[in-house]
Amino acid sequence: MIYRRFFGLPGFENRNPFSEIENMRRQVDRLYQGFLSPYTRPAAGVFPLINLMESKEDYTLRAELPGVSSEDLDIQATANTLSLSGERKIPEEKRGAKYHRREREPGRFSRVITLPGEINPDKVEAGLVNGVLTVVVPKVEASKPRHISVR
Amino acid sequence: MTDSKELKVKEKQEVATPAEQTLEGLVFTPEVDIFETETAITLLADIPGVTPDKLDIDLRDNVLTITGDVDRVDIAGEESLVLEYETGRYFRQFTLSEVIDQNKIDAHLSQGVLRLSLPKVEKATPRRIAINTA
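Line by line, the protein sequences give chains A and B. Heads up, the first sequence is in this note's numbering, so the first residue is 1 and it goes up one at a time. Heads up, the second sequence is in this note's numbering, so the first residue is 152 and it goes up one at a time.
Right, dumping it as structure tokens:
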């Protein structure tokens, strides 16, 4: 591999001997950018994308669900998981409509989010405002941080 | 429920706006549906998180501009565990080929979806032309 890269047939490889180094530099730059931004790539690959926040008292989950009505959304909670499922419906337009763009998609979705600590499933509160779902999940007493005084 | 397909994850598309931004932050392209009937053009855009007062729709010289801002939610004492999407401004521009009756434009925002109906002016609505045969 290395042999080919450095001593390979001329004309088949990049003419600029520094292009490989240039490439490496770019990759390292990208890596650093990734470290600096708080954004984490969606690893699960499941709709919808979520943002999960933690405070001392609770976890707050947010998801963008434009065009999903609260009747079509189902949220279930267990001791440490939260499941979101539902359907995004796009009503049929009247006949004779000619489309210029059609980027919005209807469909079903369901996702399970495992929370890092135990929660109180009875006190979960959810709100859907302007297409953004906010679910506030209170932690159980045992998983709340406790202040320990040093004597 | 049975015939509808599973929704796929789509990351928000970040865009570079033609003009430089004075406001710091990210700019995204909203997904839209645009359809035309004989009397009007209707545009549907997904802009979750935009409140009606932060939405700006502008039509001049046949260019339709939609700008919507989403407030950042920064609550003190919150620590992020997972951040899969980011919020910012939604921006998209369209050049309309039809002449629009500016006084009759109607915008409606519900559940994070903007529905904009742009009625065509009278003379632009197609008319059936009768062909006279001698």
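Where a beta carbon is used, it is the ideal one built from N, C-alpha and C, also for glycine.
- At a cut-off of 8 angstroms between C-beta atoms, Ser69 of chain A counts as an interface residue with respect to chain B.
- In the three-state reduction of the DSSP assignment, Pro116 of chain A falls in the coil class, being assigned neither a helical nor a strand state.
- When Cβ-Cβ separations below 8 angstroms define contact, Leu52 of chain A makes contact with chain B.
- Secondary structure at Glu237 of chain B: coil, using DSSP grouped into helix, strand and coil.
- At a Cβ-Cβ threshold of 8 angstroms, Lys56 of chain A and Gly228 of chain B count as neighbours.
- Excluding five sequence positions before and after Arg108 of chain A, the CB atoms of its chain that fall closer than 6 angstroms to its own CB belong to Glu87, given in chain order.
- DSSP places Arg26 of chain A within a helical segment (H, G or I) once states are collapsed to three.
- The distance from the Cβ of Leu82 of chain A to that of Val135 of chain A is about 7 angstroms, consistent with a contact at the 8 angstroms cut-off.
- The Cβ of Ser149 of chain A sits no closer than 8 angstroms to any Cβ of chain B.
- Two segments are said to touch when three or more pairs of C-beta atoms, one from each, lie closer than 8 angstroms; by this definition the region 107-125 of chain A does not touch the region 199-211 of chain B.
- Chain A places no beta carbon closer than 8 angstroms to that of Tyr241 of chain B, leaving this residue out of the contacts.
- According to DSSP, Ser268 of chain B shares a beta bridge with B:Thr193, B:Asp257.
- Near chain A, meaning a CB-to-CB distance below 9 angstroms, the residues of the region 188-205 of chain B are Thr188, Glu189, Ile192, Thr193, Leu194, Leu195, Ala196, Asp197, Ile198, Pro199, Gly200, Val201, Thr202, Pro203.
- Secondary structure at Ala142 of chain A: helix, using DSSP grouped into helix, strand and coil.
- Selection B:Thr284, B:Arg266, B:Lys163 evaluated against Glu64 of chain A yields B:Lys163 as nearest (Cα-Cα).
- Interface annotation for the region 119-135 of chain A against chain B: Leu128, Asn130, Gly131, Val132, criterion Cβ-Cβ distance under 8 angstroms.
- Annotation: the continuous beta strand (DSSP E) that includes Ile75 of chain A extends over 73-77.
- By the 16-neighbour rule on beta-carbons within 10 angstroms, Ile217 of chain B is buried.
- Taking C-beta atoms as the reference points, Leu265 of chain B and Ile256 of chain B fail to come closer than 8 angstroms.
- Within chain A, Ile90, Glu93, Tyr99, His100, Arg101, Arg102, Glu103, Arg104 have C-beta atoms less than 9 angstroms from the C-beta of Asp184 of chain B, given in sequence order.
- Flagged as an interface residue toward chain A: Ser231 of chain B, by a C-beta distance shorter than 8 angstroms.
- Following the DSSP letters along the chain, one finds Arg88 of chain A inside the beta strand (DSSP E) bounded by residues 81-88.
- Residue state for Asp122 of chain A is assigned as helix, using DSSP reduced to three classes.
- The beta carbon of Phe245 of chain B sits closer than 6 angstroms to those of Leu215, all from its chain and outside the five residues before and after it, given in chain order.
- Shown here, Glu157 of chain B sits in a strand according to DSSP, grouped into three states.
- Nearest neighbour of Thr193 of chain B by Cα position, chosen from B:Gly200, B:Tyr236, B:Thr180, B:Lys271, turns out to be B:Lys271.
- For Leu65 of chain A, the chain B residues whose Cβ falls inside 9 angstroms of its Cβ are Pro199, Gln262, Gly263, in order along the chain.
- In chain order, Pro138, Val140 place their CB closer than 6 angstroms to the CB of Asn120 of chain A, counting only its own chain and leaving out the 5 sequence neighbours on each side.
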